[in-house]
Amino acid sequence: MTMSNSNIIDLCSDDEMGRSNIKKCRREIEPGFDSASAPSVCPTPISRQFWKAGYYEIEQGQRCKAANQYGKNHMRIHPMFLHSNATSHKWAFGAMAELLDNAVDEVQNGATFVSIDKISTPRYGTPALLIRDDGGGMDPDSIRRCMSFGFSDKKSKFTIGQYGNGFKTSSMRLGANVIVFSRHLKSRSLTQSVGLLSYTFLRWMGYNNVVVPMVDYEFNSSARTFNPIIPHNEDQFSSNLTMLLQWSPYSTEEELLKQFDDIGDHGTKLVIYNLWLNDDGDMELDFDSDPKDICINGDKALSRMKANQHVANLYQHSLRAYASILYRQLPQYFRIILRGRDVEHHNIASDLKYLQFIKYMPQIHGNMEVEIITAIGFLKEANTHGFNIYHRNRLILPFWRVLRIGTNSTGRGVVGVLEPDYIQPTHNKQDFEKTSLFQKLEDRLKQMTVEYWNKHCTLIGYQQVKRCPSATSRQQEPPYSATQNCADQPSLLNSGSEYKSSRAGLIKKRKDLVDPPVKLQHAKRHMGFCGTDDVQYISEQPENSVEDMMQVSEKILLMQENKKLRLRLLSLDQTVQELNLKVQQLKDELENVQKHAGELENELTQTLLESYTLNKYEQHVC
Numbered sequence: 000m001t002m003s004n005s006n007i008i009d010l011c012s013d014d015e016m017g018r019s020n021i022k023k024c025r026r027e028i029e030p031g032f033d034s035a036s037a038p039s040v041c042p043t044p045i046s047r048q049f050w051k052a053g054y055y056e057i058e059q060g061q062r063c064k065a066a067n068q069y070g071k072n073h074m075r076i077h078p079m080f081l082h083s084n085a086t087s088h089k090w091a092f093g094a095m096a097e098l099l100d101n102a103v104d105e106v107q108n109g110a111t112f113v114s115i116d117k118i119s120t121p122r123y124g125t126p127a128l129l130i131r132d133d134g135g136g137m138d139p140d141s142i143r144r145c146m147s148f149g150f151s152d153k154k155s156k157f158t159i160g161q162y163g164n165g166f167k168t169s170s171m172r173l174g175a176n177v178i179v180f181s182r183h184l185k186s187r188s189l190t191q192s193v194g195l196l197s198y199t200f201l202r203w204m205g206y207n208n209v210v211v212p213m214v215d216y217e218f219n220s221s222a223r224t225f226n227p228i229i230p231h232n233e234d235q236f237s238s239n240l241t242m243l244l245q246w247s248p249y250s251t252e253e254e255l256l257k258q259f260d261d262i263g264d265h266g267t268k269l270v271i272y273n274l275w276l277n278d279d280g281d282m283e284l285d286f287d288s289d290p291k292d293i294c295i296n297g298d299k300a301l302s303r304m305k306a307n308q309h310v311a312n313l314y315q316h317s318l319r320a321y322a323s324i325l326y327r328q329l330p331q332y333f334r335i336i337l338r339g340r341d342v343e344h345h346n347i348a349s350d351l352k353y354l355q356f357i358k359y360m361p362q363i364h365g366n367m368e369v370e371i372i373t374a375i376g377f378l379k380e381a382n383t384h385g386f387n388i389y390h391r392n393r394l395i396l397p398f399w400r401v402l403r404i405g406t407n408s409t410g411r412g413v414v415g416v417l418e419p420d421y422i423q424p425t426h427n428k429q430d431f432e433k434t435s436l437f438q439k440l441e442d443r444l445k446q447m448t449v450e451y452w453n454k455h456c457t458l459i460g461y462q463q464v465k466r467c468p469s470a471t472s473r474q475q476e477p478p479y480s481a482t483q484n485c486a487d488q489p490s491l492l493n494s495g496s497e498y499k500s501s502r503a504g505l506i507k508k509r510k511d512l513v514d515p516p517v518k519l520q521h522a523k524r525h526m527g528f529c530g531t532d533d534v535q536y537i538s539e540q541p542e543n544s545v546e547d548m549m550q551v552s553e554k555i556l557l558m559q560e561n562k563k564l565r566l567r568l569l570s571l572d573q574t575v576q577e578l579n580l581k582v583q584q585l586k587d588e589l590e591n592v593q594k595h596a597g598e599l600e601n602e603l604t605q606t607l608l609e610s611y612t613l614n615k616y617e618q619h620v621c
């Protein structure tokens, strides 16, 4: 089949539409594609394995055209970039998280849920990934920006998305093709759009730039039907529709438009198909091990792990576990639905034993200081350690290990949770930019881990063995050397312990219970060079060391209540912001309704006046 670029929407270079010839080709048939019949444009078949799908030859003529075509200097985006751009996601669940982020960002536009499920493509019966939300949806202009690179409508400081690249990288990481359905309602105008971003289509059609077939419809209230929006000419709409029906899982326009039935007045649906295979030739996503979950294929022991393992040991293998900790908090009315069942939100901080809240004040932008609160404690059941670092409510680094556990076990089981919004994540939102601010944060977290371990390790069965420096080394040290490298040490906000004394009901007050500033100086004097004391495992712990760590029962209750109130206050603050946003949206809608009512009233008045004049004229004639 021979097609002209004039019939396709070219998001990379609209001024070149109609100037390149496309060779005849056949589309890939799934499954069981016969590579022997592949066109000359693509000398090698498209690999279904993601990490091999980017390797194919580019014709010599196409290489020459890219830099300077028809005397115009501009950048072109080759289809190969879709694949290379998606390689930023080493982990399939990291790509899935980007698509969930887009739905969560739609909370400000009224979204109440996002649903992830497995479906079968109607044309071939092969597995596909379905992601649907009831957010505001996208109008024809917005969906074109979504399909383009680097355009983002998200300017709020509360949204997760920033770069305008997440949809492309994540969808192309999960499968070779994605078709987008979106419906949008604004100012009594209801539109719906369909767009196809297909690596398979671009490869086999021989395009040397990224082209996206797309069609739009607008609701006709009088006819109660959706009519095509034709911005240029009918031939362009017809050609785009033909490409959509040929390369998508839907073979008729009726079947294509039927996909909007479960969207309602507004929302977006993604169908990702031709899902990638792993190196063993199996599908990368496992839909069969657990009918209520999506797993990473190849984890044979996952079912056994799920029975008795903490989320810390499951999140790398189970999407349900990962989604439960992906957001620090969500509105109570917002649901993440995975394969028909709600994902229960999991607060890691609530699992920690001997919980403390530690703050420090890093300097950013000159002398400006920000306050960072870190919840830290022991998570002994998970047999892990590290910090869960969020950014704008989204988990970037789960259980990030700032210390290597050596033979002395320092830091074993210590887990923390914090949200430093002043540092920036990388584009794939799986790491942070390695700036000086991030390096300082890493240093602080190392200090926190060592300090917390040295103070609380005896509570979980370890003994602190301190090495006293020799007299010679003490004489060689300059004054205050024990604290000179510990500037800006984290300060203690509050702490709690969960020790049950073997002496029934015996709780002894500590004589050295002092205010946090005094505690900080006490810690500096006894930590040596920022705290690197050796710790050894013992089967029995000394009675005195335990008594030294015990807290007054009233203080424990107060701190636990304080923790609950803090979490409740944060939730209420976010609820207030969401309600204020909804109030403003309702005011805007009311204003539009009142305006429309005024217009209708004027039309009615004019109609009555014309009717009255006509009646008078008829009476006069008679």
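Quick note: the sequence shown uses numbering that gives the first Met the number 0, first residue 0, plus one each step.
Glycine residues also receive a C-beta, built at the ideal position from the N, C-alpha and C atoms.
- Annotation: the continuous alpha helix (DSSP H) that includes residue 202 extends over 198-204.
- Straight-line spacing of the CA atoms in residue 259 and residue 181 works out to 8 angstroms.
- Shown here, residue 360 sits in coil according to DSSP, grouped into three states, outside any helix or strand.
- Put simply, of 423, 128, 308, 599 the residue whose alpha carbon is nearest the alpha carbon of residue 268 is 128.
- Residue 120: not part of any beta strand (DSSP E); DSSP gives it neither H nor E.
- In terms of Cα proximity to residue 233, the closest of 314, 214, 257 is 214.
- Contact check for residue 393 against residue 132 fails: the beta carbons are separated by 8 angstroms or more.
- Counting only residues of its own chain and dropping the five nearest sequence neighbours on each side, residue 580 has a CB closer than 7 angstroms to the CB of 107.
- Going by beta carbons, residue 178 and residue 270 fall inside the 8 angstroms limit.
- Beta-bridge analysis with DSSP links residue 277 to no other residue.
- Here residue 341 has 334 as same chain residues with Cβ atoms under 6 angstroms from its own Cβ, once five neighbours each way along the sequence are excluded.
- Around the CB of residue 604, fewer than 16 other CB atoms lie within 10 Å, so the residue is classed as exposed.
- Rounded to the nearest whole angstrom, the C-alpha separation of residue 386 and residue 358 is 14 angstroms.
- From the listed residues 420, 339, 457, the smallest Cα separation to residue 118 is found for 339.
- Its Cα nearest to that of residue 572, the residue 329 stands out among 329, 109, 82.
- In terms of Cβ geometry, residue 248 and residue 120 form a close pair [threshold 8 angstroms].
- Where residue 290 is concerned, there is no enclosing alpha helix (DSSP H), because DSSP gives it neither an H nor an E.
- Around the beta-carbon of residue 406, fewer than 16 other beta-carbon atoms lie within 10 Å, marking it exposed.
- DSSP links residue 270 through a beta bridge to 129, 178.
- Take the alpha-carbon of residue 279 and the one of residue 295: they are about 13 angstroms apart.
- Residues 377, 379, 412 of the same chain have their beta carbon placed closer than 7 angstroms to that of residue 459, with the five preceding and five following residues left out of the count.
- Rounded to whole angstroms, the separation of the alpha carbons of residue 448 and residue 461 is 15 angstroms.
- At the C-beta level, residue 244 and residue 250 come within 8 angstroms of one another.
- Taking a C-beta distance under 8 angstroms as the contact criterion, residue 362 and residue 370 do not qualify as a contact pair.
- Annotation for residue 321: the continuous alpha helix (DSSP H) segment containing it runs 318-324.
- Nearest neighbour of residue 349 by Cα position, chosen from 235, 560, 185, 223, turns out to be 560.
- With 16 or more other CB atoms across the displayed protein chains lying within 10 angstroms of its CB, residue 375 is buried.
- Per DSSP, residue 92 is one residue of the alpha helix (DSSP H) stretching across 91-104.
- Taking residue 201 as the centre and dropping the five residues before and after it, the same chain places the C-beta of 78, 81, 209, 210 closer than 8 angstroms to its C-beta, in chain order.
- According to the DSSP assignment, residue 216 belongs to the beta strand (DSSP E) that extends over 213-219.
- The continuous beta strand (DSSP E) containing residue 396 extends over residues 393-399.
- For residue 587, the closest C-alpha among the options 186, 141, 290, 109 is that of 186.
- In the DSSP assignment, residue 337 falls outside any alpha helix (DSSP H) and lies within the beta strand (DSSP E) extending over 334-337.
- Straight through space, the alpha carbons of residue 286 and residue 316 are spaced by roughly 12 angstroms.
- Under DSSP, residue 188 takes part in a beta bridge, and its partners are 185.
- Residue range 371-377 is occupied by the beta strand (DSSP E) that includes residue 373.
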